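Student: Heads up: the sequence lines are chains A and B, in that order. Under UniProt numbering, the very last position in the first sequence is 269; numbers go up by exactly one each time. Under UniProt numbering, the very last position in the second sequence is 228; numbers go up by exactly one each time. Okay, handing you the structure first.
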Amino acid sequence: MDEPVDQIEEKLPEKKPHREELTSEQQIRRRTLKAFAWFGVAGVIPYSLWKWIKVQPKEAGLPKVFREVLKVNEGVAESYFSNANLAPTFPKERAAKNVRVNGRDGLRSAIDKDAWQLKVEQPGQKPLLISLDDLKAMPKQEIIYQFKCIEGWSQIQHWAGVNFAEFVNKYQIGKKDGSEEWYPYVGMKTPDGGYYVGIDTPSALHPQTILAYEMNDQPITDPHGAPLRLIIPVKYGVKNLKRIGTIWFSDDRPRDFWAERGYDYHVGL
Amino acid sequence: MKKIVHKHPLAIRWFHWINFPILFIMIWSGLLIYWAYHPYKIQVGDAVLIKFFPDSFFQFLKLRRRLAEGMSWHFVFMWLFTINGILYVLYTFISGEWRFLLPNRHSFREAWQVTLHDLGLRKTAPPQVKYNGAQRIAYTAILLMGIGSLLTGLAIYKPTQFSWLTTLTGGYETARLLHFALTIGYVLFFLIHIFQVVRTGWNNFQAMVTGFEVEKDNAGLLPPNPTN
């Protein structure tokens, strides 16, 4: 049977009085003092926490405990990371004509683009040298997506190049000798070593990660990282290394330019 | 004799006071992040009414060039903010406290009367049990805002993995704007909250620490309980 609405109203505790006690002045004073004393003691907790964070040894610019929590965050992010989760894409006409440039680290030295070759280092083997024409001979993948800078701005941009997972498959790199096990990290750096990033292999193998040689249907311009740059939509812009010189796979975390300057290493989106 | 009236359960007091420093850290570290790209303003036609924020503001509070630091604080304390919020919601549901907190069908009319009273346009305040209509609306709104911050925050934290959520919250840029606007909302809430607490007086304020309010007993009306 449905209860009449009025009876439900009756059940609300606000119709009942609060718990009340008759108490002497002295008792009230004692209880108040006690509560405020505890309140003061409890107030020491956030203060101590603050102090504790401040005296932490620094690890790449951050308190050690923060690095540890960021590592936990990374583990959480890896638990839901999936190749099925894609960065939304947009029609070509939405792509910015004036593509934003943010930073010249690793691009300050001169480069002979005609002589440029991509170097792939492998443990115990001679490095592979791959020309731009070799890459262009592979199927071209385009992406028009919202590039996101760690500073907070974003822009819809149009890039094209070689799918990174197809690239490593073609050149048979990234897996440990004679096994199906992937190295956990990929390192990349500019020819002059002035900028370098480390990326977890699952993010590098995400279907939208590409080695890009075109921007807005034209060869990439110098400030944007000619002749070849990384486009990795599952990471902030800082990981999208321009003017790739060398690529290698590794068991340890490769050095990362901005992680060494206080930023999170993972910065996955 | 005076009597004490139990008002705030211990758990509610803990959630309230724990939230205070955590929210402070989240707002402060949020400002460190926001500085790195701070385009928001309120503009009518060509006239900029409010700029978020003038350079002097960032300079005075030393918020500039601290993006990495801000992100680290934000992504560490987000856990505490979230856990405290979830425990608070669970507690209010399990204990039945939600009945005092959620607005009911009288709350909106009552809130209007409270507002008129607070502005000095109405002589009497409507009678209330624990929280008046305006409080119910405000305390429920702040909870919804917290959920909003959580969702818009997640939407801009992992816009690829949770692209459905980013889309749901209006897209990456809109979600960031909402995340920021909610923060401004907290600051406004805080200012009004402090003002009202000061106005209501010590007995009300200390109840958030002690848990009880002290009332003058209506002498003689209630005989002392003989079993006490």
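All residues carry an ideal CB built from backbone N, CA and C; glycine is no exception. Just so we're clear, the structure is a prediction, and the values are computed from it rather than from any experiment.
Please decide whether V197 of chain A counts as near chain B, where near means a Cβ-Cβ distance under 7 Å.
Tutor: No, V197 of chain A does not count as interfacial toward chain B.
Student: With a cut-off of 7 Å, does the C-beta of P127 of chain B fall near any C-beta of chain A?
Tutor: Cβ-Cβ to chain A under 7 Å: no for P127 of chain B.
Student: Starting from Y34 of chain B, trace the alpha helix (DSSP H) in both directions and tell me its first and last residue.
Tutor: That run of the alpha helix (DSSP H) goes L10 to W35.
Student: Closest by CA to A212 of chain A, which one among A:V234, A:I173, A:K176 and A:E142?
Tutor: When only C-alpha atoms are compared, the closest one is A:E142.
Student: Can you look up A42 of chain A in the DSSP assignment and give me helix, strand or coil?
Tutor: A42 of chain A falls in the helix class under three-state DSSP.
Student: Provide the residue(s) that pair with G198 of chain A in DSSP beta bridges, ordered along the chain.
Tutor: Partner(s): A:G187.
Student: Would you list the residues sitting across from E214 of chain A in a DSSP beta bridge?
Tutor: BP columns for E214 of chain A point to A:A160 and A:P219.
Student: Could you give the distance in angstroms between the alpha-carbon of H193 of chain B and the alpha-carbon of E181 of chain A?
Tutor: Roughly 57 Å between the two C-alpha positions.
Student: Excluding five sequence neighbours on each side, which residues of the same chain lie with their C-beta closer than 7 Å to the C-beta of H224 of chain A?
Tutor: The residues are V99, V101, M215 and K242.
Student: Would you please state the rounded distance, in angstroms, between the beta carbons of W258 of chain A and V234 of chain A? I believe it to be under 8 Å.
Tutor: Contact flag wrong, Cβ pair sits at about 16 Å.
Student: Show which residues of chain B have a CB atom less than 7 Å away from the CB atom of V69 of chain A.
Tutor: Ordered by position in chain B, the residues that pass the 7 Å Cβ test against V69 of chain A are V76.
Student: Is there a Cβ of chain A sitting closer than 7 Å to that of T160 of chain B, yes or no?
Tutor: Closer than 7 Å: yes.
Student: Have a look at B:F108, B:S56 and B:I147 and flag the residue whose alpha-carbon is nearest the alpha-carbon of V85 of chain B.
Tutor: Looking at the sequence provided, one finds Gly at residue 85 of chain B rather than Val. The candidate whose alpha carbon is nearest that of G85 of chain B is B:I147.
Student: Can you have a look at T166 of chain B and say buried or exposed, based on whether 16 or more other CB atoms are within 10 angstroms of its CB?
Tutor: T166 of chain B is buried by the Cβ-count criterion.
Student: Inspect the beta-carbon positions of F58 of chain B and R64 of chain B and report whether they are closer than 7 Å.
Tutor: Cβ atoms of F58 of chain B and R64 of chain B: closer than 7 Å.
Student: Using the Cα positions of V41 of chain A and Y236 of chain A, report the straight-line distance between them to the nearest angstrom.
Tutor: Each residue's Cα considered, the two are about 42 Å apart.
Student: State the beta-bridge partners of S250 of chain A as determined by DSSP.
Tutor: In DSSP, S250 of chain A forms a bridge with A:Y185.
Student: Out of B:I83, B:Q135 and B:A68, point me to the one whose CA is closest to W98 of chain B's CA.
Tutor: The candidate whose alpha carbon is nearest that of W98 of chain B is B:Q135.
Student: Quick check: the Cα distance between F77 of chain B and P88 of chain A, rounded to an integer number of angstroms?
Tutor: So the two alpha carbons sit approximately 29 Å from each other.
Student: So, using beta-carbon positions, are I137 of chain B and A111 of chain B closer together than 7 Å?
Tutor: In this structure, A111 of chain B lies closer than 7 Å to I137 of chain B by Cβ.
Student: At 7 Å on the CB atoms, spell out the chain A contacts of I86 of chain B, in chain order.
Tutor: By Cβ distance, chain A contributes nothing, its closest Cβ being about 16 Å from I86 of chain B, past 7 Å.
Student: Provide the residue span of the beta strand (DSSP E) that contains I231 of chain A, from first to last.
Tutor: Here the beta strand (DSSP E) through I231 of chain A covers R229 to I231.
Student: Kindly indicate the opening and closing residues of the beta strand (DSSP E) around K41 of chain B.
Tutor: Start and end: K41 to V44.
Student: Give me the Cα-Cα distance between G157 of chain B and H206 of chain A, rounded to the nearest whole angstrom.
Tutor: Note that residue 157 of chain B corresponds to Tyr in the displayed sequence, not to Gly. Taking the straight line joining both Cα atoms gives about 18 Å.
Student: Which residues of chain A have a Cβ atom closer than 9 Å to the Cβ of V209 of chain B, listed in chain order?
Tutor: Residues of chain A passing the Cβ test: T32, A35, F36, W38 and F39.
Student: From this set, B:G120, B:I142 and B:L87, which residue's C-alpha is nearest L102 of chain B's C-alpha?
Tutor: Ranking the options by Cα distance to L102 of chain B, first place goes to B:I142.
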